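In full-length UniProt numbering, the protein residues as written are 1 to 144.
Backbone N, C-alpha and C fix where the C-beta goes; we use that ideal spot for every residue, glycine too.
Since the model is a prediction, treat every value here as computed from it, not as a measurement.
This report concerns only the one structure given below.
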């Protein structure tokens, strides 16, 4: 599975640790984020990873900024994206099972790397349940 990862300046270190973790688990990772600590604009990176997901360049995306909120808002502006901000594993799991979320976001200033790993594991291991949930996802996507 190919995973795209994006980040702003506040999440450079966390991104590096997440990439290492994903590669160790056997995922192919493409970097759409910055490697610089110089202040930058998170919407640019949210857009990049979202467009990569929609185009099929990667299967899923992970987006990290200070809180996860700004970068997820940017990603959600791209048609076909269902980005979710998660600060704990349960929401991550249900975001895939119920909402078929295709971009996971979290905040480098909100959670630590061990929590990020738990969130990522739950999100990647969960599968979309379809059924009534597909009807609801269709309703959400019709709003675009």
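TODO: Reducing DSSP to helix, strand and coil, say where residue 28 ends up.
DONE: Secondary structure at residue 28: strand, using DSSP grouped into helix, strand and coil.
Task: Residue span of the beta strand (DSSP E) that contains residue 61, given as start and end - done: Where residue 61 is concerned, the enclosing beta strand (DSSP E) stretches over 60-65.
Task: Where residue 5 sits in the DSSP three-state scheme - done: Here residue 5 sits in strand by DSSP.
Task: Nonlocal neighbours in the same chain, by C-beta distance under 7 Å from residue 67, ignoring five residues either side - done: Result list for residue 67: 107, 109, 110, in chain order.
TODO: Per DSSP, which residues does residue 104 bridge with? Please list them.
DONE: Answer is 62, 84, bridged to residue 104.
Task: Sequence-distant residues of its chain with Cβ nearer than 8 Å to residue 79 (five each side left out) - done: Cβ neighbours of residue 79 beyond the five flanking positions: 54, 144.
TODO: Report the option in 136, 90, 5, 30 whose CA atom is closest to the CA atom of residue 115.
DONE: Checking every option, the nearest Cα to that of residue 115 belongs to 90.
Task: residue 124 burial status per 10 Å Cβ neighbour count (16 or more: buried) - done: Answer is buried; the Cβ neighbour count reaches 16.
Open item on the list: Quick check on residue 60: buried or exposed, where buried means 16 or more other Cβ atoms within 10 Å of its Cβ?
Closed with: Counting every other CB atom within 10 Å of its CB across the protein chains shown gives residue 60 a total of 16 or more, marking it as buried.
Task: residue 64 vs residue 105 beta-carbon contact at 8 Å - done: The answer is yes: Cβ separation under 8 Å.
Open item on the list: Rounded to whole angstroms, what is the Cα-Cα separation between residue 101 and residue 14?
Closed with: Going from the Cα of residue 101 to the Cα of residue 14 covers about 21 Å.
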